[in-house]
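To start, the structure itself, in structure tokens.
There are 2 protein chains.
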Amino acid sequence: MSSTNALTSEELGSSAQRERRERILDATIALASQGGFDAVQMRAVAEQADVALGTLYRYFPSKIHLLVTALAREFERAEKVLATRAISGDTSADRVITVLRRTTRGLQGDPHLTDALTRAFMFADKSAAQEIHAVGMLLTRMLTRAMHPGIDEVSDDDIAIARVIGDVWLSALVAWVTGRSTAEETAAHMERAVRLILR
Amino acid sequence: MSSTNALTSEELGSSAQRERRERILDATIALASQGGFDAVQMRAVAEQADVALGTLYRYFPSKIHLLVTALAREFERAEKVLATRAISGDTSADRVITVLRRTTRGLQGDPHLTDALTRAFMFADKSAAQEIHAVGMLLTRMLTRAMHPGIDEVSDDDIAIARVIGDVWLSALVAWVTGRSTAEETAAHMERAVRLILR
DNA sequence: TCTCGAAGTGAAACGTGTTCCTATTATGTC
DNA sequence: GACATAATAGGAACACGTTTCACTTCGAGA
Numbered sequence: 011m012s013s014t015n016a017l018t019s020e021e022l023g024s025s026a027q028r029e030r031r032e033r034i035l036d037a038t039i040a041l042a043s044q045g046g047f048d049a050v051q052m053r054a055v056a057e058q059a060d061v062a063l064g065t066l067y068r069y070f071p072s073k074i075h076l077l078v079t080a081l082a083r084e085f086e087r088a089e090k091v092l093a094t095r096a097i098s099g100d101t102s103a104d105r106v107i108t109v110l111r112r113t114t115r116g117l118q119g120d121p122h123l124t125d126a127l128t129r130a131f132m133f134a135d136k137s138a139a140q141e142i143h144a145v146g147m148l149l150t151r152m153l154t155r156a157m158h159p160g161i162d163e164v165s166d167d168d169i170a171i172a173r174v175i176g177d178v179w180l181s182a183l184v185a186w187v188t189g190r191s192t193a194e195e196t197a198a199h200m201e202r203a204v205r206l207i208l209r
Numbered sequence: 011m012s013s014t015n016a017l018t019s020e021e022l023g024s025s026a027q028r029e030r031r032e033r034i035l036d037a038t039i040a041l042a043s044q045g046g047f048d049a050v051q052m053r054a055v056a057e058q059a060d061v062a063l064g065t066l067y068r069y070f071p072s073k074i075h076l077l078v079t080a081l082a083r084e085f086e087r088a089e090k091v092l093a094t095r096a097i098s099g100d101t102s103a104d105r106v107i108t109v110l111r112r113t114t115r116g117l118q119g120d121p122h123l124t125d126a127l128t129r130a131f132m133f134a135d136k137s138a139a140q141e142i143h144a145v146g147m148l149l150t151r152m153l154t155r156a157m158h159p160g161i162d163e164v165s166d167d168d169i170a171i172a173r174v175i176g177d178v179w180l181s182a183l184v185a186w187v188t189g190r191s192t193a194e195e196t197a198a199h200m201e202r203a204v205r206l207i208l209r
């Protein structure tokens with residue numbers, strides 16, 4: 011099925027393979043967390059995951075695929091945690107801001123990791139479109155859920171709004187990662203944008 | 011003055027140096043336009059600009075600086091052209107959409123070039139913050155001017171709004187470049203976002 | 001004009017992502 | 001258990017961004 015794409019855990023037969031895949035992603039996150047994008051070196055990932063370089067490339071066709079997939083996994087986990095807690099806030103805007111603030115703070119707590127994942131996400135080309143799309147969907151779902159808690163039905167308008175907010179959030183994150191804005195400015199900018207859009 | 015940054019044309023003494031710099035940027039744009047980010051290889055740029063590799067690196071400390079600077083130059087030119095023409099449209103939203111559509115169409119007419127410049131912009135790290143900031147300012151000015159034609163005084167709110175729109179535009183561009191959305195979807199998304207924000 | 005320092009040249013070398021190849025080890029089938 | 005096939009290991013090799021260095025050329029001041 012997937013020739014140019016990363017192997018998903020579902021299409022991995024044996025449990026040994028699933029474990030290998032997890033080890034690789036763990037090593038990726040660990041290295042990224044420690045030294046950012048540059049520290050995620052394919053040889054280092056392979057060694058830390060106790061896997062040959064060729065095997066690493068069999069599981070993930072490029073560094074970008076690897077990082078974007080790792081990003082997706084982290085995102086899924088974060089979303090699961092978020093989904094359990096009710097989101098405080100009376101209005102859509104308040105809830106969205108709460109979610110974004112929480113997520114952003116989480117990311118800013120690990121700048122190197124955020125650097126690696128953001129850069130990978132932005133640098134990805136067509137070949138990683140599938141993985142990127144998965145992350146985008148997660149983000150959109152997270153936001154629409156904050157906008158309408160408990161409601162799974164969302165309108166096209168809501169999705170469009172969530173996308174716009176997601177866009178701003180990503181740009182703000184990039185600006186922060188590249189040192190163009192501080193954490194406070196990032197938060198303020200995002201809050202302003204949300205209040206502008208959701209009113 | 012600038013040790014880690016690209017040499018700006020102002021701080022270049024001789025005209026021979028200014029010409030070298032222009033040749034380098036021309037070669038960059040030509041290669042990018044022909045084959046995108048990957049085709050902008052430093053050796054190829056040096057050769058096409060008829061300059062030694064070491065010289066290229068003296069003018070631009072990295073491929074990213076080179077591309078972002080080239081992007082800034084293209085942007086300045088585009089903005090000059092835009093500035094001469096009055097912008098059609100009765101409302102702020104209409105005018106902003108006109109500008110964005112025009113600019114986007116221009117970019118989409120040269121997908122490879124857009125690929126190269128967008129990826130460089132998004133991938134840039136702290137060391138290119140200055141060049142990135144220059145592009146951001148240009149973009150913001152372009153948008154505020156579309157919002158309030160003929161008025162040079164803009165409020166903080168206007169700048170914030172322009173930033174948000176710029177964020178969305180960049181994200182949309184990235185999505186288009188990475189093949190996640192078509193040109194039509196990109197245009198529609200942008201228009202929707204602008205009408206959402208400017209109302 | 002001569003001299004000196006800065007700028008440019010040309011080429012080698014290094015680091016890291018990626019590819020490729022052969023030997024070895026698992027895994028499933030008869 | 002023996003075999004066929006796929007997966008993995010281990011490592012060399014290649015591409016391109018980047019650095020380095022020895023040498024040459026240029027340009028401004030004595």
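These protein sequence lines map, in sequence, to chains F and U. Using the numbering used here, read the first sequence as starting at 11 and increasing by one per residue. Using the numbering used here, read the second sequence as starting at 11 and increasing by one per residue. Even for Gly, the Cβ is constructed at its ideal location relative to N, Cα and C.
State buried or exposed for residue i, treating a residue as buried only when at least 16 other CB atoms are found within 10 Å of its CB.
i	result
U/Val91	exposed
F/Ser13	Below a pLDDT of 50, predicted positions are generally treated as unreliable, and F/Ser13, at 41, falls in that range; the measurement from the model is reported next regardless. Label assigned to F/Ser13: exposed.
F/Arg31	buried
F/Glu29	exposed
U/Glu163	exposed
U/Ile161	exposed
F/Asp48	exposed
U/Ser181	buried
U/Leu76	buried
F/Arg105	buried
U/Glu195	exposed
U/Ser24	exposed
U/Gly146	buried
F/Ala93	exposed
U/Met11	A caution first: U/Met11 carries a pLDDT of 39, below 50, which makes its placement in the model unreliable, though a value can still be read off. Label assigned to U/Met11: exposed.
Find out if the Cβ-Cβ distance for the pair residue i, residue j is shorter than 9 Å.
i	j	result
U/Thr124	U/Val187	yes
F/Met52	F/Arg111	no
U/Arg173	U/Ile107	no
F/Ala103	F/Arg209	yes
U/Ala197	U/Thr114	yes
F/Leu148	F/Phe85	yes
F/Ala80	F/Leu127	yes
U/Gly116	U/Thr150	no
U/Phe131	F/Arg129	no
U/Leu35	U/Arg68	no
U/Ile207	U/Pro159	no
U/Ala62	U/Ala37	no
F/Val55	F/Leu66	yes
U/Ala193	U/Gln118	yes
U/Asp120	U/Ile74	no
F/Ala138	F/Ser72	yes
List the whole-angstrom C-beta distance separating residue i from residue j, where the pair is believed to meet the contact cut-off of C-beta under 8 Å.
i	j	result
F/Gly46	F/His122	4 Å
U/Ala156	U/Val109	4 Å
F/Val178	U/Val178	6 Å
U/Thr154	U/Asp167	At roughly 10 Å, the Cβ-Cβ gap does not stay under 8 Å, so U/Thr154 and U/Asp167 are not in contact.
*asked:* As an exercise, report each continuous beta strand (DSSP E) stretch of at least 3 residues that is fully enclosed by the stretch 70–137 of chain F, in chain order.
replied: none
*What runs of the alpha helix (DSSP H), each 4 residues or longer, lie entirely inside the stretch 133–176 of chain F?*
139–157
*asked:* Which runs of the alpha helix (DSSP H) at least 4 residues long sit entirely within the stretch 21–54 of chain F? Give them in chain order.
replied: 25–49
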